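This report concerns only the one structure given below.
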Amino acid sequence: RVGGRLMPENGSQLAALEAASGCKSIIAGKPSKLLVETLAIKYGLSPSRTVMVGDRLDTDIAFGRIGELTTVLVLTGVTTKQEAESLISDGWKGTGDTLQVPHFVLDSITGLVED
2 RVGGRLMPEN GSQLAALEAA SGCKSIIAGK PSKLLVETLA IKYGLSPSRT VMVGDRLDTD
62 IAFGRIGELT TVLVLTGVTT KQEAESLISD GWKGTGDTLQ VPHFVLDSIT GLVED
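Residue numbers (the numbering used here): 2 to 116.
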């Protein structure tokens, strides 16, 4: 967000490059399964023991879900509490994108640590 507005990101630039080159790209960033698998191999991560923490539903949480990781959405960045509640409600009803539904939602990352 810039000044409260969402701004175009890599997807629009990638589409332009694909159109200009006539080549199809291979996506290797979030939320790519390829990236999850590569990180798991490189660092010896087990999905059942790995947590993805992020502030974006469409990249961070989808990345964790695609990789079968536990996901935690923190409300200190892009996603607002209202956006998260709406998507979670729709996901639970089966009408939304369940890849973007986090397992847990916290106000901030400090909620991961006990006092």
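Idealized CB from N, CA, C, for every residue including glycine. All figures in this text were calculated on a predicted structure; none of them were measured in a lab.
Paired residues, beta bridge with residue i - DSSP
{"i": "G55", "result": "L74"}
{"i": "L107", "result": "V75"}
Neighbour-count burial assignment, residue i, 16 or more Cβ in a 10 Å radius
{"i": "P32", "result": "buried"}
{"i": "L113", "result": "exposed"}
{"i": "V52", "result": "exposed"}
{"i": "Q101", "result": "buried"}
Supposed close pair residue i, residue j - CB separation, criterion 8 Å
{"i": "D56", "j": "G78", "result": "3 Å"}
{"i": "L58", "j": "T81", "result": "10 Å between Cβ atoms; not a contact."}
{"i": "L15", "j": "S26", "result": "6 Å"}
{"i": "V54", "j": "I110", "result": "6 Å"}
| At a cut of 8 Å, does the region 102-109 reach the region 58-78 through at least three beta carbon pairs? | yes
| At a cut of 8 Å, does the region 51-65 reach the region 18-38 through at least three beta carbon pairs? | yes
| Unbroken stretches of the beta strand (DSSP E), 3 residues or longer, contained in the region 13-60 | 52-55
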